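There are 2 protein chains.
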Amino acid sequence: MLTLQHSFALLPLTLALGLTSVSGHAENTSLTAKESDPQTLGWRQGFPPPKGKLITQPQSDFFSFPKLRWTVCHIRELMPTTEVSRGIGAPSKLDYALDKNIDAITFTPTNSKRPMTWRQSLDANYTDGIMILHHGKVVYERQNGCLNELGNHAAMSMTKSMTGLLAEILVTEGKLDDKALVASIIPELAKSGFGDATVRQVMDMTTALDYSEDYADPDADIWKYSEAASPLPKPKGYSGPNGYFEYLQTVPKKGEHGVEFNYRTINSDALGWIISRTTGKAIDDLLSERIWQKIGAEQSAYMTVDAKGTPFAGGGISAGLHDMARIGSLMLNKGEMNGERLFPTAVVDNIEAGGDKGAFAKAGYKQLNNGSYKSMWWLFNNPTPIYAARGVHGQTVYVDPAADMVIVRFSSYPEASNGKIDPTSLPAYKAVANYLIKK
Amino acid sequence: MLTLQHSFALLPLTLALGLTSVSGHAENTSLTAKESDPQTLGWRQGFPPPKGKLITQPQSDFFSFPKLRWTVCHIRELMPTTEVSRGIGAPSKLDYALDKNIDAITFTPTNSKRPMTWRQSLDANYTDGIMILHHGKVVYERQNGCLNELGNHAAMSMTKSMTGLLAEILVTEGKLDDKALVASIIPELAKSGFGDATVRQVMDMTTALDYSEDYADPDADIWKYSEAASPLPKPKGYSGPNGYFEYLQTVPKKGEHGVEFNYRTINSDALGWIISRTTGKAIDDLLSERIWQKIGAEQSAYMTVDAKGTPFAGGGISAGLHDMARIGSLMLNKGEMNGERLFPTAVVDNIEAGGDKGAFAKAGYKQLNNGSYKSMWWLFNNPTPIYAARGVHGQTVYVDPAADMVIVRFSSYPEASNGKIDPTSLPAYKAVANYLIKK
Numbered sequence: 001m002l003t004l005q006h007s008f009a010l011l012p013l014t015l016a017l018g019l020t021s022v023s024g025h026a027e028n029t030s031l032t033a034k035e036s037d038p039q040t041l042g043w044r045q046g047f048p049p050p051k052g053k054l055i056t057q058p059q060s061d062f063f064s065f066p067k068l069r070w071t072v073c074h075i076r077e078l079m080p081t082t083e084v085s086r087g088i089g090a091p092s093k094l095d096y097a098l099d100k101n102i103d104a105i106t107f108t109p110t111n112s113k114r115p116m117t118w119r120q121s122l123d124a125n126y127t128d129g130i131m132i133l134h135h136g137k138v139v140y141e142r143q144n145g146c147l148n149e150l151g152n153h154a155a156m157s158m159t160k161s162m163t164g165l166l167a168e169i170l171v172t173e174g175k176l177d178d179k180a181l182v183a184s185i186i187p188e189l190a191k192s193g194f195g196d197a198t199v200r201q202v203m204d205m206t207t208a209l210d211y212s213e214d215y216a217d218p219d220a221d222i223w224k225y226s227e228a229a230s231p232l233p234k235p236k237g238y239s240g241p242n243g244y245f246e247y248l249q250t251v252p253k254k255g256e257h258g259v260e261f262n263y264r265t266i267n268s269d270a271l272g273w274i275i276s277r278t279t280g281k282a283i284d285d286l287l288s289e290r291i292w293q294k295i296g297a298e299q300s301a302y303m304t305v306d307a308k309g310t311p312f313a314g315g316g317i318s319a320g321l322h323d324m325a326r327i328g329s330l331m332l333n334k335g336e337m338n339g340e341r342l343f344p345t346a347v348v349d350n351i352e353a354g355g356d357k358g359a360f361a362k363a364g365y366k367q368l369n370n371g372s373y374k375s376m377w378w379l380f381n382n383p384t385p386i387y388a389a390r391g392v393h394g395q396t397v398y399v400d401p402a403a404d405m406v407i408v409r410f411s412s413y414p415e416a417s418n419g420k421i422d423p424t425s426l427p428a429y430k431a432v433a434n435y436l437i438k439k
Numbered sequence: 001m002l003t004l005q006h007s008f009a010l011l012p013l014t015l016a017l018g019l020t021s022v023s024g025h026a027e028n029t030s031l032t033a034k035e036s037d038p039q040t041l042g043w044r045q046g047f048p049p050p051k052g053k054l055i056t057q058p059q060s061d062f063f064s065f066p067k068l069r070w071t072v073c074h075i076r077e078l079m080p081t082t083e084v085s086r087g088i089g090a091p092s093k094l095d096y097a098l099d100k101n102i103d104a105i106t107f108t109p110t111n112s113k114r115p116m117t118w119r120q121s122l123d124a125n126y127t128d129g130i131m132i133l134h135h136g137k138v139v140y141e142r143q144n145g146c147l148n149e150l151g152n153h154a155a156m157s158m159t160k161s162m163t164g165l166l167a168e169i170l171v172t173e174g175k176l177d178d179k180a181l182v183a184s185i186i187p188e189l190a191k192s193g194f195g196d197a198t199v200r201q202v203m204d205m206t207t208a209l210d211y212s213e214d215y216a217d218p219d220a221d222i223w224k225y226s227e228a229a230s231p232l233p234k235p236k237g238y239s240g241p242n243g244y245f246e247y248l249q250t251v252p253k254k255g256e257h258g259v260e261f262n263y264r265t266i267n268s269d270a271l272g273w274i275i276s277r278t279t280g281k282a283i284d285d286l287l288s289e290r291i292w293q294k295i296g297a298e299q300s301a302y303m304t305v306d307a308k309g310t311p312f313a314g315g316g317i318s319a320g321l322h323d324m325a326r327i328g329s330l331m332l333n334k335g336e337m338n339g340e341r342l343f344p345t346a347v348v349d350n351i352e353a354g355g356d357k358g359a360f361a362k363a364g365y366k367q368l369n370n371g372s373y374k375s376m377w378w379l380f381n382n383p384t385p386i387y388a389a390r391g392v393h394g395q396t397v398y399v400d401p402a403a404d405m406v407i408v409r410f411s412s413y414p415e416a417s418n419g420k421i422d423p424t425s426l427p428a429y430k431a432v433a434n435y436l437i438k439k
């Protein structure tokens, strides 16, 4: 029997669903990237794999390090998923102009005085796949760990940025009014905390909700959310909400909307609902139609689903590294891809303009000081706009238009919080940008 | 809680796993193909879908008709799966020379005296997708119901033919000895009924096993097999085998190997194990490397898995119609595809030569009189070789080399047994072949 309720056994599932930004189990963080390589550790290898090398649902805490390093490439083998189809045409060609000097670029981590090379930073961050595009060409690529060119990797909360992008497209195209109240679009949410928030407040996560992600509290809302969202059969006697849509209706309001940024995944799921109600299409289908089928993707992506088939708009995507690089290019080129315009330039202009810095500051992200959050993209503190999709354990699509550079990274850092990963990655990205600009 | 044990609630899962060749629930067989179209019935449509339109795991018997007609295109949304990657190259081009006269071709069903047209036969068989290739060109195609060109459809027991093909390739290449005893390759099976069977007897399903697929018997082995194979967490207190490999070790011998054909899915799973132990590769990976990446597939296929990640070699594949047509072409061209030889011609020669007709006759398939089963392909009674991959509810890849014709069909007939579908399909295939030969 599944005894998920208020149980720590749920944490892995929660993490697998990409819900959290807090640190996960990291009992074994003493293992280096090389030592924890899933090939080396032999997870699920052999016919059958030996007992100690199994990774299964739900007992084996598959999202704990070092198992995590296998799991991020194999989500679909552990739970139901839905395809984000690439279509059936030929993939677009990626142009390569590899630059071997990048490995030796040095930078100083923000939490250290000792310089580090770009190459060293990859292992420091347990990088599974990384790609740098400059002037539209791939200047750097590396795939290792669980990842290869035929693999998909969990995008975690980068999913939110895809959902936010779809919403921003609809707003720009006049199909969705970002000033409308949520209740006017989703009457079922009228009595919830979302009801009198505007679509824009949901998009920028400035909703005021009574919702706790305190993992130390067995009664925290995150547990109920996870249980509602689980695609596995509910435990006997379970009478709570089933699925994202039912759960969202239970979230009360707390405070005033529009005042404070609070990073809560439920906003992305509410936005997914708004998008689907507006367009009549599920997020996976819309993402396929508007993005994946249009960018010349090499691989179909996929999304986890709840028990009713609702794709997880807040964290469910797994995708290929090359295709996430194509997404980065699409953003850098403000909606143009392979000579075709997929959406108006205003979509990216709106994101680049950033969100409410005052509201963002209240959330207290020290390393993202003077940043903001707009349409589910993170804006950094910089004279020119730099923005990123970000997911726990080190996922990013980092776009620096002034440097004409995109960096895409999949990784499986032992701890979830990007606060641990940013010190050796954000300054590394800047150093690479400086090198490429001067090149 | 999951109460799978000895429960009828298991049947849907069993069927979803493609295990059975008996008839499923068909309470509503009075609904025609048009009336039971999943679009018309609105399964899982809406955000959220209305209560009566949900299809979920495991309560809603998702493999009963008419829900079945939705489920066959959505297996991955209900359970964990593993990808059979198409690779990242461009798909091969399918040449079209559509022939509008085919719809009007008439034939007489074997269970009726009233002639029927080809077009009528499609609805009679609840066809979701059908393609006819002649002289290498697509002369007929139709996709409807739950299927479209971006969709995948459950291949059911056609999976066995893919597993059998891989085995035949390995045998022909000298990598697997079909005269070897199973125990010499899989020592874990030494004490089971498989132990002293030859690989060939497993490939041709002439093993003698104490194994019952009597669905009326709550103690039938099929239930234990299904429970072991389920990718969902096991019920509390479950102490039986977990996964295909553990289950196979529990099957005793009954009778003499090599004497009688008995269609038992467990042979395909044993063969999958033999293949993986021999090659060091899981079936999904090998199928990708040897077939899917080589045929210019448009879509990756996928396979269901057990809780340990073992792909279901006996029935787990879902794939696109076009790609199954490419498989048919590959067989027709005896291993050559797009100018490349994927395996020796002897592989198909061996299959075309057929299996032991005497052993086959003992199984008493009336409509397949004088047929046989070789390397998990069905051979029909015909002066020239005609063979097919077949799966419950009407799946087929039908290869008629003399007519230079391949017919591929995905369907969702209300009942599982092909015995119900053959009367309006096998004579239809013959009629089309006769038409094309004379054309």
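Protein chains in written order, with the UniProt record's numbering: chain A, 1 to 439; chain B, 1 to 439.
For glycine and all other residues, C-beta sits at the position ideal for the given N, C-alpha and C.
Remember, it's a predicted structure, so these values are computed and weren't measured experimentally.
- Contained beta strand (DSSP E) runs [length at least 3] in the segment 78-165 of chain A, N- to C-terminal order: Segments of the beta strand (DSSP E) lying fully in the segment 78-165 of chain A: 81-84, 127-134, 137-143.
- Message: Please confirm whether residue 415 of chain A has its beta-carbon closer than 8 Å to some beta-carbon of chain B.
- Response: Interface flag for residue 415 of chain A against chain B is unset, since no Cβ pair is found closer than 8 Å.
- Any contact of the segment 53-70 of chain A with the segment 88-102 of chain A, i.e. 3+ C-beta pairs under 8 Å? Contact fails: fewer than three Cβ-Cβ distances are below 8 Å.
- Item | Chain-ordered chain A contacts of residue 308 of chain B [CB-CB under 8 Å] | Within 8 Å Cβ-Cβ: 44, 48, 49, 54, 56.
- Item | Segment limits, beta strand (DSSP E) that includes residue 291 of chain B | Element bounds for residue 291 of chain B: n/a, residue is neither H nor E.
- Message: At the level of alpha carbons, what is the spacing between residue 73 of chain A and residue 146 of chain A?
- Response: Each residue's Cα considered, the two are about 6 Å apart.
- Task: Would you check if the distance between the CB atom of residue 300 of chain A and the CB atom of residue 300 of chain B is smaller than 8 Å?
- Result: Contact flag set, yes.
- Message: With a threshold of 8 Å between beta-carbons, can residue 30 of chain A be considered close to chain B, or not?
- Response: Chain B, which has no Cβ nearer than 8 Å to the Cβ of residue 30 of chain A, makes this no.
- Query: Taking the DSSP output, what are the residues bridged to residue 378 of chain A?
  - Reply: For residue 378 of chain A, which the question treats as bridged, DSSP gives the partners A/373, A/388.
- Message: For a cutoff of 8 Å on Cβ pairs, would you count residue 182 of chain B as touching chain A?
- Response: No - not a single Cβ of chain A is within 8 Å of the one on residue 182 of chain B.
- Query: What does residue 249 of chain B reach in chain A if we use C-beta pairs closer than 8 Å?
  - Reply: Neighbours of residue 249 of chain B across chain A, judged by C-beta separation under 8 Å, do not exist; the nearest C-beta is about 11 Å away.
- Uninterrupted alpha helix (DSSP H) stretches inside the segment 323-358 of chain B (no shorter than 4 residues): Taken in chain order, the complete alpha helix (DSSP H) segments of 4 or more residues contained in the segment 323-358 of chain B are 345-352.
- For residue 302 of chain A, which three-state DSSP category applies? In the structure shown, residue 302 of chain A adopts extended strand secondary structure according to DSSP, grouped into three states.
- Task: Thinking residue 178 of chain A and residue 138 of chain A are a contact (beta carbons under 8 Å), I'd like their distance in whole angstroms, please.
- Result: The C-beta separation of residue 178 of chain A from residue 138 of chain A comes to about 35 Å, leaving the pair out of contact by the 8 Å criterion.
- Return no unless some Cβ of chain A is closer than 8 Å to the Cβ of residue 62 of chain B. Cβ-Cβ to chain A under 8 Å: no for residue 62 of chain B.
- Item | Residue range of the unbroken alpha helix (DSSP H) whose run includes residue 39 of chain B | For residue 39 of chain B, the uninterrupted alpha helix (DSSP H) segment begins and ends at 38-41.
- Message: Quick test of your reading: residue 168 of chain A and residue 206 of chain A, contact by CB under 8 Å. State the CB separation rounded to the nearest angstrom.
- Response: By a beta-carbon distance limit of 8 Å, residue 168 of chain A does not contact residue 206 of chain A. Their separation comes to about 15 Å.
- Task: With DSSP collapsed to three states, give me the class of residue 310 of chain A.
- Result: The DSSP-derived three-state label of residue 310 of chain A is coil.
- Message: Taking the beta carbon of residue 30 of chain A as the centre, do at least 16 other beta carbons fall within 10 Å, making it buried, or is it exposed?
- Response: Counting Cβ neighbours within 10 Å, residue 30 of chain A comes out exposed, since fewer than 16 surround it.
- Query: Would you call residue 294 of chain A buried or exposed, if buried means 16 or more other Cβ atoms sit within 10 Å of its Cβ?
  - Reply: Buried.
- Message: Beta-carbon within less than 6 Å of residue 200 of chain A's beta-carbon, same chain only, minus the 5 sequence neighbours each way: which residues are those?
- Response: Excluding sequence positions up to five before and after residue 200 of chain A, its CB lies within less than 6 Å of the CB of 178, all in the same chain and listed in chain order.
- Message: Quick check: what's the CA-CA separation for residue 393 of chain A versus residue 319 of chain A?
- Response: Whole-angstrom Cα-Cα distance: 15 Å.
- DSSP on residue 68 of chain B, reduced to helix/strand/coil? Residue 68 of chain B carries a helical assignment under DSSP once its states are collapsed to helix, strand and coil.
- Query: For residue 25 of chain B, which residues from the same chain have a beta carbon less than 6 Å from its beta carbon, with the 5 sequence-adjacent residues on both sides left out?
  - Reply: For residue 25 of chain B, the predicted model reports a pLDDT of 42, less than 50, meaning its position is unreliable and no value from the coordinates is stated.
- Query: Taking buried to mean at least 16 other C-beta atoms within 10 Å of its own C-beta, is residue 420 of chain B buried or exposed?
  - Reply: Buried, by the Cβ-count rule.
- Task: For the beta strand (DSSP E) containing residue 441 of chain B, list its first residue and its last residue.
- Result: An answer regarding residue 441 of chain B cannot be provided, because it is not within the stretch 1 to 439 covered by chain B.
- For residue 264 of chain A, three-class secondary structure by DSSP: In the three-state scheme derived from DSSP, where H, G and I count as helix and E and B as strand, residue 264 of chain A is classed as coil.
- Hey, is residue 383 of chain B's beta-carbon within less than 8 Å of any beta-carbon in chain A? Residue 383 of chain B does not count as touching chain A.
- Would you mind working out which of B/434, B/415, B/368 sits nearest residue 124 of chain B, comparing C-alpha positions? For the residues B/434, B/415, B/368, the minimum Cα distance to residue 124 of chain B belongs to B/415.
- Message: So if I threshold CB-CB distances at 9 Å, which residues from the segment 295-319 of chain A count as touching chain B?
- Response: Hits within the stretch, in order: 298, 299, 300, 302, 305, 307, 308, 309, 310.
- Query: residue 276 of chain B versus chain A: which residues are under 7 Å apart at the beta carbon?
  - Reply: Simply 47.
- Taking Cβ to Cβ, would you say residue 524 of chain B is nearer than 8 Å to residue 209 of chain B? Because chain B in this structure spans residues 1 to 439, residue 524 of chain B falls outside the shown range and cannot be described.
- Task: Please state whether DSSP places residue 406 of chain B in a helix, a strand or coil.
- Result: Residue 406 of chain B falls in the strand class under three-state DSSP.
- Task: Only counting runs of 3 or more residues, tell me where the beta strand (DSSP E) segments fall wholly within the segment 202-232 of chain A, in order along the chain.
- Result: The beta strand (DSSP E) runs lying completely inside the segment 202-232 of chain A and spanning 3 residues or more number zero.
- Query: Is any heavy atom in the ligand MG found nearer than 7 Å to the beta carbon of residue 262 of chain B?
  - Reply: With respect to small molecules bound, the structure shown includes none, and the ligand MG cannot be examined in it.
- Message: Taking contact to mean 3 or more Cβ pairs, one atom from each stretch, closer than 8 Å, check whether the segment 269-286 of chain A and the segment 338-349 of chain A are in contact.
- Response: Verdict: no, contact absent.
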